[in-house]
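Trainee: In our numbering, the protein residues as written are 441 to 972. Yeah, the Cβ is synthetic: ideal placement off N, Cα and C, and Gly gets one too.
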Amino acid sequence: MLTSAPMPLCPVGPWAMGGTGGARRPRWRPWEPAGAGGGQATRRARDRHLAMVVLLGLGLLLLAAPAVHGESPEGPYLQALRLLAKGDFVAGVKLYYKVMILTEPLLSVAVRKHDLAAARASFAAQVKAQPADRQTALLLALTDRLTEDWPAADAQLGALRKTFPGSFLLAFMHGELALNLPDEKRATDLFGLLAANPKARKLLALAEKVLARHRLTRKDKIQAEDPAARRKVLLEKAFRHLDLLERDQARAAFEKIYAGFPDDPVAPTALIDLFLETSQPAKAEKVLATWLAAGHPPLLIPLKEGRLRYLQGRYAEAIAPLEKVLREDPANEYARFLLAESCFLAGRFDAAAPHFQQIWNADPSNPGMLQRYAACLEQGGKPAEAAGLYESALSRTPGDPFLLNELAALCMRNRWYSRAEIHYATLADASPDNRLAAEEALAAIREAKNVAALAGSIEAITASATAAAIAAAAGNPGSPGAPGTSGDPATPGGDQPASVDTPPDSPPPPPPADPAEAAEAEALRRLSRMYE
441 MLTSAPMPLC PVGPWAMGGT GGARRPRWRP WEPAGAGGGQ ATRRARDRHL AMVVLLGLGL
501 LLLAAPAVHG ESPEGPYLQA LRLLAKGDFV AGVKLYYKVM ILTEPLLSVA VRKHDLAAAR
561 ASFAAQVKAQ PADRQTALLL ALTDRLTEDW PAADAQLGAL RKTFPGSFLL AFMHGELALN
621 LPDEKRATDL FGLLAANPKA RKLLALAEKV LARHRLTRKD KIQAEDPAAR RKVLLEKAFR
681 HLDLLERDQA RAAFEKIYAG FPDDPVAPTA LIDLFLETSQ PAKAEKVLAT WLAAGHPPLL
741 IPLKEGRLRY LQGRYAEAIA PLEKVLREDP ANEYARFLLA ESCFLAGRFD AAAPHFQQIW
801 NADPSNPGML QRYAACLEQG GKPAEAAGLY ESALSRTPGD PFLLNELAAL CMRNRWYSRA
861 EIHYATLADA SPDNRLAAEE ALAAIREAKN VAALAGSIEA ITASATAAAI AAAAGNPGSP
921 GAPGTSGDPA TPGGDQPASV DTPPDSPPPP PPADPAEAAE AEALRRLSRM YE
């Protein structure tokens, strides 16, 4: 009956090692003549050879076939998770450790902490209850190493090695941990203990593999191999931290690489990218300044330079490199957005408008780009065109609260009170969440309209009174204020008009503020502060 257990992929046949006593089976060499009874022996050997070949082929087929008896094919990581889920923490942690040592899977520290949380809690409780339980202490140390609690794991393994100084397993584990601290000299010293004893051959082979991964040679003193190979490994580790979103570890790794390879641009470029991604432009600028101060050529491509200047708030300086990017790559929408924003924030609204227009045309459902484009038009002296944009968008999405509010505010800023009143009234009806704010705006509009009407009346009355006074003065030359009267003496006792160049005895008091204009300004001020 077939089972799902795969055959071992190892040398089989008459030439394989056999038996448990270590005796070597006689090799079958077809080119050698058979001895006594050789023909029969040769046939038996040939039959055994054929049978083993058939069994090996069957084993390969079983490996390729799906598992049976409810057993699902899974990798060692999933097997470890299954063991941990069942509460078999000892076997689960051992297998998890092997997975990390042999394959270095892309598992972040956060994921590993989640996977091993229950196991670590169990081991910690056992060690606390039974401090002399060395096996559980070792498992706790392995768990801390897997979750990169380096100080705790280092201390625990150090204490265990003092108790068991001849343990090759502890020497390997402590050396592997030291390599990650990184304390590479201590790691190679510990691995050197394995080379001194033939019984540690398997662990020594594993140590050599770990060292090769770090591009180190196993000697009494630390010795790096080819610096280029060493740099490559360090970069792989640093970028691995980035892949796992472990930014602090990635930053530390890149800083170490930059210190060791100060003329190589990869690490400083990665540091600048990391600082830009985490919105730390000052640190990015410091890395760039250090690089340039050493006499190196420009480090940043135009897009990164523009992004850095943008994040620094140096918007005018961001424009030139971003324009260069778009000249070479007009389809780069990220560069176009940064350029549009830089122009807008630098007050170059005419330059920003076509970029926002293009972005909005590509994504007409994006209200943020519509708002920016309309603001550019309004600031450029085209408020009617900006209002038309909102009205066109509202025809496609009637009653949209954001669009209604923006259009009403635009009308209010331009003192189109009647239109603003209509839009705020529509907003109050369409959006209960905005009703209170819209009603406050409507009250401010009514007050502003009353003030405007009052200002018009006062202006008309003032103009009429002025005209009447001028007419009266023209009809009565002797009246006060008429030219040539004693009200404007040029000389003592004379009635000649005063020269316009003659300064008055004292400066006249400032004219009183127009009450209508003051009231209107106050109404507008309260409206502008309505959403604060």
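1) Could you check whether ARG671 and ILE712 sit closer than 8 Å to each other, using their CB atoms as the reference points?
2) Would you report the Cα separation of THR718 and SER607, rounded to the nearest angstrom?
3) Relative to the C-alpha of ILE885, which candidate in ALA550, ALA710, ALA593 and SER858 has its C-alpha closest?
4) Going straight from the alpha carbon of ASP589 to that of LEU578, what length do you get?
5) With 16 as the cutoff for other CB atoms within 10 Å, does HIS554 come out buried or exposed?
6) Can you tell me whether ILE741 is helix, strand or coil according to DSSP?
7) With distances taken between CB atoms, is the gap from LEU546 to LEU684 smaller than 8 Å?
8) Assign LEU503 to one of three DSSP states: helix, strand, or coil.
9) With a threshold of 8 Å, are at least 3 pairs of Cβ atoms found where one atom belongs to the segment 751-759 and the other to the segment 779-786?
10) Tell me which same chain residues have a C-beta within less than 6 Å of the C-beta of HIS863, skipping the five on either side of it?
11) Is it true that the CB of ALA690 sits closer than 8 Å to the CB of ALA707?
12) I'd like the span of the alpha helix (DSSP H) that includes THR709, first residue to last.
13) If you draw a straight line from the C-alpha of SER835 to the C-alpha of GLU763, how long is it?
14) Which value, in whole angstroms, describes the spacing of the CA atoms of ALA802 and GLU773?
15) When the Cα of ALA881 is compared with those of TRP731, VAL539, GLN720 and ALA865, which residue comes out closest?
16) According to the neighbour-count rule (16 or more other Cβ atoms, all chains shown, within 10 Å of its Cβ), is ILE741 buried or exposed?
17) Below 8 Å on the Cβ atoms is my contact criterion, and I expect SER871 with PRO841 to pass it. Report the Cβ-Cβ distance as a whole number of Å.
18) Are the CB atoms of LEU646 and PHE604 within a distance shorter than 8 Å?
19) Just to confirm the assignment, what range does the alpha helix (DSSP H) spanning THR587 have?
20) At which residue ranges does the segment 735-786 contain complete alpha helix (DSSP H) runs of 4 or more residues, listed in the order of the chain?
21) Where does ASN806 fall in DSSP's three states?
22) Tell me where the alpha helix (DSSP H) around GLU831 begins and ends.
23) Can you look up ASP629 in the DSSP assignment and give me helix, strand or coil?
24) Count the other CB atoms, across all protein chains shown, that sit within 10 Å of the CB of GLY527; report buried if there are 16 or more and exposed otherwise.
25) When you compare the CB positions of ALA559 and VAL533, do they come within less than 8 Å of one another, or not?
26) Tell me whether HIS654 sits in a helix, a strand or coil according to DSSP, three-state version.
27) Under the three-state reduction of DSSP, which class applies to PRO702: helix, strand or coil?
28) According to DSSP, is PHE604 helix, strand or coil?
29) Could you tell me the alpha carbon to alpha carbon distance between ALA525 and PHE631, rounded to whole angstroms?
30) Return yes when the C-beta of ASP703 is under 7 Å from any heavy atom of the ligand FMN, and no when it is not.
31) Based on Cα-Cα distance, which residue from ASP584, LEU542 and LEU535 lies nearest to VAL549?
32) Report all residues from its chain with a CB closer than 6 Å to the CB of PHE529; omit the five preceding and five following residues, and keep chain order.
33) By how many angstroms is the C-alpha of VAL551 removed from the C-alpha of LEU644?
34) Pop quiz: LEU810 and LEU779 are said to be a contact at Cβ under 8 Å. What is the actual Cβ separation, rounded to whole angstroms?
35) With DSSP collapsed to three states, give me the class of GLY532.
36) Would you mind sorting LEU556 into buried or exposed? The rule is 16 or more other CB atoms within 10 Å of its CB.
Mentor: Put simply:
1) Translated into the one-based positions of the sequence shown, residue 712 becomes position 272. Translated into the one-based positions of the sequence shown, residue 671 becomes position 231. It is not a contact, given that the beta carbons lie outside the stated cut-off.
2) Mapped onto the sequence shown, residue 718 falls at position 278. Mapped onto the sequence shown, residue 607 falls at position 167. Annotation: THR718 to SER607 spans about 45 Å, alpha carbon to alpha carbon.
3) Counting from one through the sequence shown, the residue named residue 885 turns up at place 445. It is SER858 whose Cα lies nearest to the Cα of ILE885.
4) Working through the sequence shown from its first residue, we reach residue 589 at position 149. Working through the sequence shown from its first residue, we reach residue 578 at position 138. Cα-Cα distance, rounded: 14 Å.
5) For the purposes of this step, residue 554 is taken as the residue at position 114 of the sequence shown. With fewer than 16 Cβ atoms within 10 Å of its Cβ, HIS554 is classed as exposed.
6) Against the sequence shown, residue 741 aligns to sequence position 301. It is coil, neither helix nor strand.
7) Walking along the sequence shown from the start, residue 546 turns up at place 106. Walking along the sequence shown from the start, residue 684 turns up at place 244. A Cβ-Cβ contact shorter than 8 Å links LEU546 with LEU684.
8) In the sequence shown, counting from the first residue as 1, residue 503 sits at position 63. Bear in mind that a pLDDT of 33 at LEU503, under 50, signals an unreliable position, so the number given afterwards is only what the model happens to contain. Residue state, collapsed to three classes: helix.
9) Between the segment 751-759 and the segment 779-786 there are three or more C-beta pairs closer than 8 Å, enough to call the two in contact.
10) Within the sequence shown, residue 863 is the residue found at index 423, counting from 1. Closer than 6 Å at the Cβ level, and outside the excluded window around HIS863, lie LEU844, LEU847 and ALA848.
11) Here residue 707 corresponds to residue number 267 of the sequence shown, with the count starting at 1. Here residue 690 corresponds to residue number 250 of the sequence shown, with the count starting at 1. Not in contact: ALA707 and ALA690 (Cβ atoms no closer than 8 Å).
12) Translated into positions along the sequence shown, residue 709 becomes position 269. Where THR709 is concerned, the enclosing alpha helix (DSSP H) stretches over 706-717.
13) Locating residue 835 in the sequence shown gives position 395, where the first residue counts as 1. Locating residue 763 in the sequence shown gives position 323, where the first residue counts as 1. Straight-line Cα distance between these residues: approximately 35 Å.
14) Within the sequence shown, numbered from 1, the residue matching residue 802 stands at position 362. Within the sequence shown, numbered from 1, the residue matching residue 773 stands at position 333. Taking the straight line from one Cα to the other gives about 10 Å.
15) One-based indexing of the sequence shown puts residue 881 at position 441. Minimum Cα distance to ALA881 is reached at ALA865.
16) The residue you call residue 741 lines up with position 301 of the sequence shown. Flag for ILE741 reads exposed.
17) Translated into the one-based positions of the sequence shown, residue 871 becomes position 431. Translated into the one-based positions of the sequence shown, residue 841 becomes position 401. SER871 to PRO841, Cβ: 4 Å. Contact.
18) As a first step, residue 604 is located in the sequence shown; it is residue number 164 there, counting from the start. As a first step, residue 646 is located in the sequence shown; it is residue number 206 there, counting from the start. Annotated as distal: PHE604 and LEU646, with beta-carbon spacing of 8 Å or more.
19) Within the sequence shown, numbered from 1, the residue matching residue 587 stands at position 147. Counting along the chain, no alpha helix (DSSP H) covers THR587, and no H or E run does either.
20) Entirely contained in the segment 735-786, the alpha helix (DSSP H) runs reaching 4 residues are, in chain order, 742-751, 755-768 and 773-785.
21) Within the sequence shown, residue 806 is the residue found at index 366, counting from 1. DSSP places ASN806 in the coil class of the three-state scheme, outside both helix and strand.
22) Here residue 831 is taken as the residue at index 391 of the sequence shown, counted from 1. Unbroken alpha helix (DSSP H) run through GLU831: 823-836.
23) The sequence position of residue 629 within the sequence shown is 189, counting from 1. Here ASP629 sits in helix by DSSP.
24) On the sequence shown, residue 527 is found 87 positions in, with the first residue counted as 1. GLY527 is exposed by the Cβ-count criterion.
25) The sequence position of residue 559 within the sequence shown is 119, counting from 1. The sequence position of residue 533 within the sequence shown is 93, counting from 1. Yes, they are a contact pair.
26) Mapped onto the sequence shown, residue 654 falls at position 214. Residue state, collapsed to three classes: coil.
27) Here residue 702 refers to the residue found at position 262 of the sequence shown. Secondary structure of PRO702 (DSSP, three-state): coil.
28) To locate residue 604, count along the sequence shown from 1; it is residue 164. Per DSSP, reduced to three states, the secondary structure at PHE604 is coil, with no helix or strand assignment.
29) Sequence index remark: in the sequence shown, residue 525 carries index 85 (1-based). Sequence index remark: in the sequence shown, residue 631 carries index 191 (1-based). Each residue's Cα considered, the two are about 34 Å apart.
30) No copy of the ligand FMN occurs in the structure displayed, which carries no ligand at all.
31) Translated into the one-based positions of the sequence shown, residue 549 becomes position 109. ASP584 is the residue among ASP584, LEU542 and LEU535 whose C-alpha sits nearest the C-alpha of VAL549.
32) In the sequence shown, the residue the question calls residue 529 occupies position 89. Taking PHE529 as the centre and dropping the five residues before and after it, the same chain places the C-beta of ALA559 and SER562 closer than 6 Å to its C-beta, in chain order.
33) In the sequence shown, the residue the question calls residue 644 occupies position 204. In the sequence shown, the residue the question calls residue 551 occupies position 111. Approximately 30 Å, taken between the alpha carbons.
34) In the sequence shown, the residue the question calls residue 810 occupies position 370. In the sequence shown, the residue the question calls residue 779 occupies position 339. The pair is not a contact, with the Cβ atoms about 18 Å apart (cut-off 8 Å).
35) Working through the sequence shown from its first residue, we reach residue 532 at position 92. In the structure shown, GLY532 adopts helical secondary structure according to DSSP, grouped into three states.
36) Your numbering for residue 556 matches position 116 in the sequence shown. By the neighbour-count criterion, in which 16 or more other beta carbons inside 10 Å mark a residue as buried, LEU556 falls on the buried side.
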